[in-house]
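Position one of the sequence shown corresponds to residue 202 (my numbering), numbered consecutively onward.
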Amino acid sequence: MLIDNYNEVYDRVKAACEKSKRNIEDVTIIAVSKTKPVQVIEELYESKIRDFGENKVQELCEKYEYMDKDDIKFHLIGHLQRNKVKYIVDKTSLIHSVDSLRLAQQISEEAIKKNVSVDILIQVNVSQEESKFGIDEKETFILVEEISKLPNIYIKGLMTIAPYTLNPEENRAYFRELKKLSVDIKEKNIDNVSMCHLSMGMTGDFEVAVEEGATLIRVGTAIFGERNYN
Ligand SMILES: *Cc1c(COP(=O)(O)O)cnc(C)c1O
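Shown next as structure tokens:
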């Protein structure tokens, strides 16, 4: 049963919280269901799980329509193209991957059209990996300030994707860096900007991320098994 896998992840998060003197209620496990059939979402939903992560707009929309529940939360965790924004603004509870002003402007415009407000995170590339999306750490302040002036879009925190590694300790410094950046931004008290969320940590490194302050962890493989991309 998938809920057994989920509960194992939960127990590990709980242990990481105890170790770092954090409250487990402050950490949400996002079950990353990308590439998996919607039935896995149904199964976990029946076990009272509500937060799911998808990285493709079309897949998220299909699963959203199929599930048709008011209390389910779909997180968009993958790169978002501007021409896809219109499909998603009223279906996602949080967009984790905003890394440019142009993308934020598009989200704001589509949100106005649909009369919704959209919560987002700024994706920061703290590990400086060439291939990854996300804004440079030193450009984050200015981006946050610019986005904060746009209507119908609200910054709720920061997100990062750490490098794939077999040794999670190697990512601790990146998680710490993201936390520090969020504290620095919070201290600026920018209108309409909250830094209540830190989305960091995946199957390979979520315990270290929780120890460093993650409030949202994105876990796929540990819950659903390996993904098959064929
Ligand atoms: C796929 C994905 C995850 C989940 O990765 P696992 O290693 O399977 O836990 C987390 N975050 C993002 C952005 C992803 O694309």
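Beta carbons: idealized from backbone N, C-alpha and C, even for Gly.
- Here P369 is near E408, since their CB atoms are less than 8 Å apart.
- Residues of the same chain with a CB within less than 6 Å of the CB of V319, apart from the 5 flanking positions on each side, are V290, I308, A312 and I354 in chain order.
- The beta carbons of T416 and D227 sit about 6 Å from each other, so the pair counts as a contact at 8 Å.
- By the 16-neighbour rule on beta-carbons within 10 angstroms, Y265 is buried.
- Fewer than three beta-carbon pairs drawn from the segment 342-349 and the segment 361-380 are found closer than 8 Å, and the two stretches are therefore not classed as touching.
- The residues R303, L304 and Q307, in chain order, have a CB closer than 7 Å to that of R283 in the same chain once the five nearest residues on each side in sequence are set aside.
- Between E371 and T404, the alpha-carbon positions lie close to 14 Å from each other.
- Close CB contacts of G402 within its chain, under the 6 Å cut and outside five residues either way in sequence, are with A410, A415 and I418 (chain order).
- Minimum Cα-Cα distance from D252 among the listed residues T236, Q259, K270 and I336 corresponds to K270.
- Of all alpha-carbon atoms in K357, D272 and N326, the one lying nearest the alpha-carbon of A363 is that of N326.
- One Cα belongs to Q324, the other to G335, and the distance between them is close to 5 Å.
- In the three-state DSSP reduction, T422 falls in the helix class (H, G or I).
- In this chain, the beta strand (DSSP E) harbouring S400 covers V394 to S400.
- Comparing alpha-carbon positions, the option among K314, T229, C397 and H276 lying closest to S298 turns out to be H276.
- The residue among V317, C218 and M202 with its C-alpha nearest the C-alpha of Y288 is V317.
- In the three-state DSSP reduction, S309 falls in the helix class (H, G or I).
- Counting only residues of its own chain and dropping the five nearest sequence neighbours on each side, E413 has a CB closer than 7 Å to the CB of R373, F376, R377 and K380.
- Between ligand 1 and N256, a heavy atom-to-CB distance of less than 7 Å is present.
- I278 has its Cβ nearer than 7 Å to a heavy atom of ligand 1.
- The shortest CA-to-CA distance from K292 to any of E260, H280, L322 and D300 is the one to E260.
- If you draw a straight line from the Cα of E247 to the Cα of H280, it comes to about 29 Å.
- Taken atom to atom, the span from the alpha-carbon of I296 to that of E310 is near 15 Å.
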